[in-house]
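Student: Taking my numbering, the leading residue of the sequence shown gets 22, the next gets one more, and so forth.
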Amino acid sequence: MALSKRLSLIGSMVRSGSRVCDVGTDHGYLPAFLYKSGKCESVCATDIKEKPLLSARKNLAAAGAEGVELYLCDGLDKITREMADTVIIAGMGGEVISGIIARADFLRDNTVTLILQPTTSADKLREFLAANGFAVLCEKAISENGKLYSVIQCAFCETRYPIDGVRKYIGFIKPDYEDGRAYIEKQYRIIEKRVEELENAGMNDYRQREDKETLAKLKKLLGEGEKNGV
Ligand SMILES: C[S@@+](CC[C@H](N)C(=O)[O-])C[C@H]1O[C@@H](n2cnc3c(N)ncnc32)[C@H](O)[C@@H]1O
């Protein structure tokens, strides 16, 4: 079964022998793939709506992956630590993902891995992770259908940490591959536009100074990538 580039990247961050829960599964393609791959000890999935779960059930049956347990619930409300040591939350806004994590106490355990893929507000999600003691283990950018996404693998480490503008807007994405560079360039353009608009409106406050600092750091990062032939 072929997965999209985005779902493949998410799947590649799942370790062998994991007990996986895919939150907000919708079509169920990822749990079907993970189940069929044989690399997971168990696979389950949730969705807050009945209709997506019906489509997941159909796709799982077509793929011969009926062993994937499906749960109708908000976030991880019906899932326990015994059922999952790897939680995937993909294809939702960064604030929705933060809310799901905040409500699930069992995620505050350094033996649980989270794999997150926000569709919007990735900056808000990165701030939430830092403020709540989730350390980023790996972060990669991926393009799909003309859009760029970040996929973040993280785990609870208890220690809260501050993040600057670079970590907030690009996380740990590096410019040494095409999608990584494109992601950083896109964030650069967004911040640059915001600075220009505020300047044109005659505003000059600490937020612009922070944005300008971030722009300088991103420019350096992109320049270094170029020097290294990226
Ligand atoms: C755009 S789809 C993403 C599907 C899949 N995860 C992916 O990345 O391709 C979002 C799905 O998340 C579900 N969803 C939204 N909020 C949720 C929540 N709080 N708990 C569980 N599922 C939720 C929606 O019903 C929908 O099926």
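Just so you know, even glycine gets a beta-carbon here, dropped at the ideal spot from N, CA and C.
Computed from a predicted structure; not experimentally measured.
Look at Ser119 and Phe149 and say whether their C-beta atoms are less than 7 Å apart.
Tutor: The answer is yes: Cβ separation under 7 Å.
Student: Could you check what DSSP says for Ile184 in three-state terms: helix, strand or coil?
Tutor: Correct three-state label for Ile184: coil.
Student: Put Lys72 into one of helix, strand or coil per three-state DSSP.
Tutor: If DSSP states are grouped into helix, strand and coil, Lys72 belongs with the helices.
Student: Under 6 Å: does the beta carbon of Ala66 sit that close to some heavy atom of ligand 1?
Tutor: No, ligand 1 has no heavy atom inside 6 Å of this Cβ.
Student: Val216 to Ser37, Cα distance in whole Å?
Tutor: In a straight line, the C-alpha of Val216 is about 45 Å away from that of Ser37.
Student: At 3 residues or longer, what runs of the beta strand (DSSP E) sit wholly inside the stretch 112 to 149?
Tutor: The qualifying runs are 134 to 139.
Student: Scan the stretch 161 to 212 and note each continuous beta strand (DSSP E) run of 3 residues or more that stays entirely inside, going in chain order.
Tutor: Whole beta strand (DSSP E) segments, 3+ residues: 168 to 177.
Student: Mind checking whether Leu158 and Gln174 have CB atoms under 7 Å apart?
Tutor: Yes, the pair counts as a contact, with Cβ atoms nearer than the cut-off.
Student: Taking 6 Å as the limit between beta carbons, can you name the residues of its chain near Lys60, skipping five residues before and five after?
Tutor: Result list for Lys60: Ser37, in chain order.
Student: Ala66 bridges to which residues according to DSSP?
Tutor: Per DSSP, Asp43 and Leu91.
Student: Do you know how far the Cα of Asp95 is from the Cα of Tyr209?
Tutor: Roughly 35 Å separates the two Cα atoms.
Student: Start and end of the alpha helix (DSSP H) containing Ala222?
Tutor: Where Ala222 is concerned, there is no enclosing alpha helix (DSSP H), given that its DSSP letter is neither H nor E.
Student: Assign Leu75 to buried or exposed, taking buried as 16 or more other Cβ atoms, counted over all protein chains shown, within 10 Å of its Cβ.
Tutor: The residue is exposed, with fewer than 16 neighbouring Cβ atoms inside 10 Å.
Student: Please tell me whether Val187 and Leu30 are closer than 7 Å, where the distance is taken between their beta carbons.
Tutor: No, Cβ-Cβ distance for Val187 and Leu30 is not below 7 Å.
Student: Anyone know if the C-beta pair for Arg40 and Ala86 falls short of 7 Å?
Tutor: Contact: no.
Student: Could you check if Ile136 belongs to the surroundings of ligand 1, using beta carbon to heavy atom distance under 6 Å?
Tutor: No; taking the cut-off as 6 Å, the Cβ of Ile136 has no heavy atom of ligand 1 nearer than that.
Student: Quick check on the burial criterion: 16 or more other C-beta atoms within 10 angstroms. Buried or exposed for Glu160?
Tutor: Counting Cβ neighbours within 10 Å, Glu160 comes out buried, since at least 16 surround it.
Student: Can you round the beta-carbon distance between Gly167 and Ser142 to whole angstroms, since I take them to be within the 8 Å contact cut?
Tutor: That belief does not hold up - the Cβ atoms of Gly167 and Ser142 are roughly 19 Å apart, past 8 Å.
Student: Give the range of the alpha helix (DSSP H) segment to which Ile100 is assigned.
Tutor: Careful: Ile100 lies outside any alpha helix (DSSP H) and carries neither H nor E.
Student: Please classify Asp144 as buried or exposed, where buried requires at least 16 neighbouring CB atoms within 10 angstroms.
Tutor: By the neighbour-count rule (16 or more Cβ atoms within 10 Å), Asp144 is buried.
Student: Enumerate in chain order the residues of its own chain whose CB-to-CB distance from Phe18 is below 6 Å, with the five nearest sequence positions on each side excluded.
Tutor: No information on residue 18 is available, as it lies outside the stretch 22 to 251 that the chain covers here.
Student: With respect to 6 Å, is the separation between the Cβ of Gly96 and the closest non-hydrogen atom of ligand 1 below this value?
Tutor: Under cutoff, so the answer is yes.
Student: For Asn131, collect the residues of the same chain with a Cβ closer than 8 Å to its Cβ; drop the 5 residues on either side in sequence, then sort them by chain order.
Tutor: Once the five neighbours on either side are set aside, the close Cβ partners of Asn131 are Ala176, Phe177, Cys178 and Glu179.
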